[in-house]
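Engineer: Protein chains in written order, with the numbering used here: chain A, 3 to 193; chain B, 3 to 193.
Protein chains: 2
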Amino acid sequence: MNAAGPGRRADSRRNRQRLLDAAEEVIERDGAQASLEEIARRAGVGSATLHRHFPSRQALLNAVFHEGVERLCRRARELADGLAPRDALAVWLEELTTYTTTTRGLAMTLMSGPGGAIAVEDSCHGLIHDAAARLVTDAEKAEVLRAEVAPHELIALANAISLASEGDPGSARRLLALALGGVLKSPPAKV
Amino acid sequence: MNAAGPGRRADSRRNRQRLLDAAEEVIERDGAQASLEEIARRAGVGSATLHRHFPSRQALLNAVFHEGVERLCRRARELADGLAPRDALAVWLEELTTYTTTTRGLAMTLMSGPGGAIAVEDSCHGLIHDAAARLVTDAEKAEVLRAEVAPHELIALANAISLASEGDPGSARRLLALALGGVLKSPPAKV
DNA sequence: TACGATATGGGGGGTCCCTCCGTTTTGTCC
DNA sequence: GGACAAAACGGAGGGACCCCCCATATCGTA
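As structure tokens, this is what we get:
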């Protein structure tokens with residue numbers, strides 16, 4: 003059916019891969035709301051086949067971005083092991099932001115939640131969250147955070163910035179630096 | 003045609019208002035991608051009439067949100083006149099963020115640019131930008147900003163936060179406070 | 001009241017998402 | 001090397017959407 007496992011029939015695995023390749027191209031051009039029918043057409047399969055392999059748009063997006071997201075999470079572990087907690091977190095957030103900014107549709111995907119029938123532990127959502135949690139925990143222990151910050155808040159912030167900069171990584175880096183360093187010189191007023 | 007002016011025929015003005023009322027309801031429920039056909043149905047007019055009054059989705063959204071955005075901009079002037087520059091900016095950004103967070107579809111609208119045939123000076127985009135510019139200029143003169151910040155960057159950040167918090171104003175306030183105060187205790191590392 | 005300008009709305013074309021179901025392909029067992 | 005059941009496929013169709021054309025109805029005015 004829709005699993006990637008080796009127990010599937012050969013044509014099923016082949017079609018799944020074709021769909022992923024086609025999806026990558028179309029999403030690269032049109033973002034997260036790319037036409038599913040066009041993806042199926044480009045892959046040379048019927049639209050029913052696409053829906054059988056990926057029961058929802060979210061499932062397809064998740065599969066398309068899975069590899070890149072895993073790479074990003076390995077990178078988080080490298081940074082956590084190699085740098086001071088504050089730098090590890092700052093560098094990773096910048097890499098995350100740059101990646102989501104330059105990968106069309108990814109920020110949208112990460113913002114939309116894990117989605118229906120996808121196991122949290124291998125959704126892009128879940129992977130990113132776990133990677134961030136490690137870095138945030140380390141930073142908290144080292145007391146380099148200004149306040150208690152939940153990992154999902156930082157991810158939301160990074161995603162938000164990616165969305166707001168609409169594909170311009172320079173703008174994204176700048177906004178992230180602002181947010182990390184603080185826009186104002188003293189804390190914001192209570193209203 | 004699509005202008006609101008008094009030179010239009012009475013039925014035209016009436017239909018325009020009905021469309022705006024219907025749009026407000028449907029957008030409140032479905033956000034910025036609400037069905038235009040449903041809006042026309044609910045207003046009791048044909049879909050062609052909707053398209054004649056509002057040639058693009060963006061034009062309709064712009065008209066729907068215009069009043070609220072103007073109120074927000076008046077508020078910016080009040081704050082600029084009544085508070086210290088830093089507080090005026092901080093308070094207004096929070097009000098902006100709260101408003102865009104609780105008004106479904108507004109953040110999306112503001113992020114999508116002024117859009118085709120809409121005059122910049124009375125697009126929601128333009129109005130907000132001008133309001134922010136005044137506050138930012140004052141804050142810069144008072145040297146309470148951590149770095150040179152363009153108004154559109156702050157607006158992008160606020161919009162991004164609204165989008166990221168998906169309708170939860172508490173979360174939005176928290177993220178904004180984080181961004182304004184800074185997440186890290188010392189400036190982020192150079193990579 | 002009659003008339004021209006203005007505005008309307010039904011309907012059609014194109015696209016999209018998703019599902020049903022008859023047909024084809026695959027893997028396996030004899 | 002068949003035969004057979006399970007698995008996978010894809011065309012077609014329903015429902016929804018956006019947008020435009022143009023025959024018709026409505027409004028403001030002379």
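Positions of the beta carbon are idealized from the N, C-alpha and C atoms, including for glycine.
(1) Taking 8 Å as the limit between beta carbons, can you name the residues of its chain near Ser-167/B, skipping five residues before and five after?
(2) What do you reckon, is the C-beta of Glu-26/B under 7 Å from a heavy atom of the ligand ATP?
(3) Do His-127/A and Leu-137/A count as a contact pair if the criterion is CB distance below 8 Å?
(4) Going along the chain, which unbroken runs of the alpha helix (DSSP H) with 4 or more residues stay wholly within the segment 48-122 of chain A?
(5) Might you give, ordered along the chain, the residues of its own chain that have their beta carbon closer than 7 Å to the beta carbon of Ala-24/A, omitting 5 neighbours on each side?
(6) If you compare alpha carbons, which of Asn-161/A, Arg-106/A, Ala-162/A and Asp-83/A is closest to Ala-141/A?
(7) So for Ala-10/B, helix, strand or coil by DSSP?
(8) Pull up the distance between the alpha-carbon of Glu-80/B and that of Gly-48/A, whole angstroms please.
(9) Residues of chain A with CB under 7 Å from Ala-166/B, in chain order?
(10) Does Val-193/A come within less than 8 Å of chain B when only Cβ atoms are used?
(11) Between the Cα of Val-122/A and the Cα atoms of Asn-64/A, Glu-145/A and Leu-74/A, which residue gives the shortest distance?
(12) Could you check how far apart the C-beta atoms of Thr-99/B and Ala-160/B are, in whole angstroms? I think they sit under 8 Å.
(13) If you draw a straight line from the alpha carbon of Gly-9/B to that of Leu-180/B, how long is it in whole angstroms?
(14) Since Leu-180/A meets chain B, which of its residues come closer than 8 Å, beta carbon to beta carbon?
(15) List the endpoints of the continuous alpha helix (DSSP H) containing Ser-164/B.
(16) Do His-55/A and Asn-17/A have their beta-carbon atoms positioned less than 8 Å apart in this structure?
(17) Of the choices Ser-37/A, Cys-75/A, Arg-77/A and Ala-144/A, whose alpha-carbon is the least far from that of Ser-58/A?
(18) Which same chain residues end up closer than 7 Å to Ser-114/B when comparing Cβ atoms and leaving out the 5 residues on each side of it in sequence?
(19) DSSP three-state label for Ala-179/B, please.
(20) Can you name the residues of chain B whose CB is closer than 8 Å to the CB of Leu-177/A?
(21) Report the CB separation of Ala-162/B from Ile-163/A in whole angstroms; it is logged as a contact under 8 Å.
(22) Output yes or no for whether 8 Å exceeds the beta carbon distance between Val-71/B and Leu-129/B.
(23) Between which residues of its own chain and Val-93/B is the CB-CB distance below 6 Å, once the five residues before and five after are set aside?
(24) Pick helix, strand or coil for Gly-33/A, following the three-state DSSP scheme.
(25) Measure the alpha-carbon distance for Arg-33/B versus Glu-26/B and round it to whole angstroms.
Structural biologist: Taking the definition as stated:
(1) Thr-103, Ser-173, Ala-174 and Leu-177
(2) The ligand ATP is not part of the structure shown, which contains no ligands of any sort.
(3) no
(4) 49-55, 59-84, 87-104 and 108-113
(5) Ile-41, Arg-44 and Ala-45
(6) Asp-83/A
(7) One detail in the question is off: residue 10/B reads as Arg in this sequence, not Ala. Residue state, collapsed to three classes: coil.
(8) 59 Å
(9) Met-113, Ala-158, Leu-159, Asn-161 and Ala-162
(10) With a pLDDT of 42 at Val-193/A, under the threshold of 50, the modelled position of that residue is not reliable, and no figure is offered here.
(11) Asn-64/A
(12) 5 Å
(13) 49 Å
(14) Arg-148, Ala-149, Val-151, Glu-155, Leu-159 and Ala-181
(15) 153-167
(16) yes
(17) Ser-37/A
(18) Gln-60
(19) helix
(20) Glu-155, Ala-158, Leu-159 and Ala-162
(21) 6 Å
(22) yes
(23) Leu-81
(24) helix
(25) Note on identity: in this sequence residue 33/B is Gly, with Arg being the wrong assignment. If I take the Cα positions, the gap works out to 10 Å.
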